[in-house]
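*Asks:* Take a look at this one; I'll ask things after.
In the working numbering, the protein residues as written are 747 to 934.
This is how it looks when you write it as structure tokens:
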């Protein structure tokens, strides 16, 4: 209603149709009130964790498709994780990204067998092993796909464990020359 008072103060002191002008001022003031309320929301739009109606815009901008049934806090966490994941190639950086998304991971680089450094019983890896990361996920919510007669085919793996959220995050952000192998605590 402050806009109605301001608009009335801008009118000349003598008016011919006070009822008509009052209705016009009230209508215009209502529009200004709506614009002012909208401006308050826009003020917080650059901050995805602020209470505003622009979370969907952040998801569009960052190409995030929220899972069905995700609440506002989960969607906000996904946006913040994506915003924080804009740079870095180190293992420490990827561990921090996983922690911000709610996962506990250990990442280690495999190495090829070398005389003088390796011991009996060590893995004989190829030269390309230095470009592989083994990502151990301790508390992932892995989905297990178990081989079943009638549902699986010849050539399918006996069991596959996957967590698409963390795997997609790593695949999108990892260095192009790096291969990530995911291992889950639930695997038997």
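C-beta atoms are modelled at their ideal positions from N, C-alpha and C, and glycine is treated no differently.
By the 10 Å Cβ neighbour count, where 16 or more other Cβ atoms means buried, how is residue 859 classified, buried or exposed?
*Replies:* exposed
*Asks:* What residues in its chain sit with their C-beta under 6 angstroms from that of residue 885, if we drop five residues either side in the sequence?
*Replies:* 850
*Asks:* Skipping 5 residues on each side, what residues in its chain have a beta carbon closer than 6 angstroms to that of residue 852?
*Replies:* 882, listed in sequence order.
*Asks:* Which residue wins for smallest C-alpha separation from residue 770, given the options 754, 779 and 783?
*Replies:* 754
*Asks:* Going by CA-CA distance only, name the one from 865, 905 and 872 that's closest to residue 857.
*Replies:* 872
*Asks:* Which of the three DSSP states, helix, strand or coil, is assigned to residue 923?
*Replies:* coil
*Asks:* My parser needs the alpha helix (DSSP H) runs of 4 or more residues fully inside the segment 798-844; what are they?
*Replies:* Runs found: 801-807 and 818-830.
*Asks:* Which of the three DSSP states is assigned to residue 928 in this structure?
*Replies:* strand
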